[in-house]
Structures are given as C-alpha cells and as structure tokens.
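Participant: Protein chains in written order, with the working numbering: chain A, 624 to 777; chain B, 1010 to 1069.
For glycine and all other residues, C-beta sits at the position ideal for the given N, C-alpha and C.
One structure coming up, written as structure tokens, with questions to follow.
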C-alpha cells in the first residue's frame, strides 16, 4: 500500500526552503523533475485522483528534497529511498508532495510527521531570518516547548 | 534596544515587538508580515499606547 499527501504549505522562497532542509539533514535538489516514491497508485489514491493528479504525473516536480547524500530511488525501480516533490502551483509558488508509506517514513521522521510540520516551521523561521537580515537585524533562535522562536534585535 | 520576537507554532505565527516608538513597530514588521502570509489578528499590547510595544498574529 502506498500513502501520498500533498500539503497546504505554500513555498515562495526556495532559498528559505533550502535553509530549512539543511536544518533537518535534508537537501534541496534544484531542477530535479521527478521525485522517488512507491511508483504506482494503490487503493488509497482516490484523493489524489480527485485532485486531478494522474499516476504518471504524480511524481513530476520542479525540484526535489532528499536526505543528504542519499540518491532517491522509487520502489518500482528497486529502491527504497524516497524524496519530497516541490510542486509548482499554477498561481505561482510551490507546494510539497510525498509518499509517506514505508521508506517515506524516513523523511517523515526528520520532518516532524506526515504533514512535515518541522519542515514547515523551519521554512517559516528561515523566511524570518532572511527578511531580518535584509532589514539589518541580528537574529538568534530559541526553542520553546519544541517550537521555534526567532528573535531579531538591533 | 529594539526586539522583534516571532513565535512559530505550527501554522500560527505570533509577532511580538518591544522597544519601538509609536507605530514604528508596524513599519518594522510590515514586510515580514507580507512574506509570512495574511494577517488574521492584529492586537496592540497596553504598552502600544505608551508608544513602545506591539503584537501581531499571522498565518504562516
């Protein structure tokens, strides 16, 4: 069985996404147009079909995210190293899509679960740090109850 | 010293400012809020009316 998800998270800044990936032991693979997954739809894929996503197009992406130094390879190609797809949206920006079943759990564990909550928070923190740097602030991070505070000062 | 604290709690983001005069804290956080998303709540602390602090919640 394969389990896929497409997140509500919207990405506008690839540099911030790359920084977020680095924080979690991942790397952004810019320009990679397919991401590794199970390789075919199974019985749990109805939601994706409802979104108009076909099996052939499921793993098409603008960029991909994978664990540092580990080449992504789909199960139907004999591999077990999945990746997260960075999917371009028609209105601009990107969202994320990945197969969280089986090997996909290696990514989910790094990213705070199947909804990639840690990656989401790290992305937001990196956005803040980038903007604060532009505005001339110094920054530090604090972890409060497992969540991130970005503190800017000058 | 001017300080801006961004509390990231899942999809909820809270911005708390300290040490700014008058509405300058809003000027300081405007671009950040634009990048983070739609403002869903804007609340000034009591200190705002003493012209030195503010608080804003946005969606990430």
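Using a C-beta to C-beta distance shorter than 9 Å, which residues of chain A count as neighbours of residue 1040 (chain B)?
Facilitator: Going along chain A in sequence order, the residues near residue 1040 (chain B) (Cβ under 9 Å) are 754, 757, 758.
Participant: Flag this pair as touching only if the region 715-732 of chain A and the region 744-751 of chain A have three or more C-beta atom pairs under 8 Å; answer yes or no.
Facilitator: At 8 Å Cβ cutoff, the stretches do not touch.
Participant: Give the residues from the region 764-776 of chain A that approach chain B closer than 9 Å (Cβ to any Cβ), ordered along the chain.
Facilitator: So the list reads 765, 767, 768, 770, 771, 772, 773, 774, 775, 776, given in the order they occur along the chain.
Participant: Under the DSSP definition of a beta bridge, which residues are partnered with residue 683 (chain A)?
Facilitator: A:657.
Participant: So residue 769 (chain A) is in the beta strand (DSSP E); what residue range does that whole segment cover?
Facilitator: That residue, residue 769 (chain A), is in no beta strand (DSSP E); it is neither H nor E in DSSP.
Participant: Given a cut-off of 8 Å, decide if residue 693 (chain A) and residue 708 (chain A) are closer than it, judged by their beta-carbon atoms.
Facilitator: Not in contact: residue 708 (chain A) and residue 693 (chain A) (Cβ atoms no closer than 8 Å).
Participant: Can you pull out the residues from the region 641-663 of chain A whose beta carbon lies closer than 7 Å to at least one beta carbon of chain B?
Facilitator: Under the 7 Å Cβ criterion, the region 641-663 of chain A contributes no residue.
Participant: Between which two residues does the alpha helix (DSSP H) containing residue 747 (chain A) stretch?
Facilitator: Unbroken alpha helix (DSSP H) run through residue 747 (chain A): 740-757.
Participant: Check the Cβ of residue 1011 (chain B) against every Cβ in chain A and list those closer than 7 Å, keeping chain order.
Facilitator: Result: 776, 777.
Participant: Please compile the residues from chain A whose C-beta is within a distance smaller than 8 Å of the C-beta of residue 1019 (chain B).
Facilitator: Chain A residues near residue 1019 (chain B): 740, 743, 744, 770.
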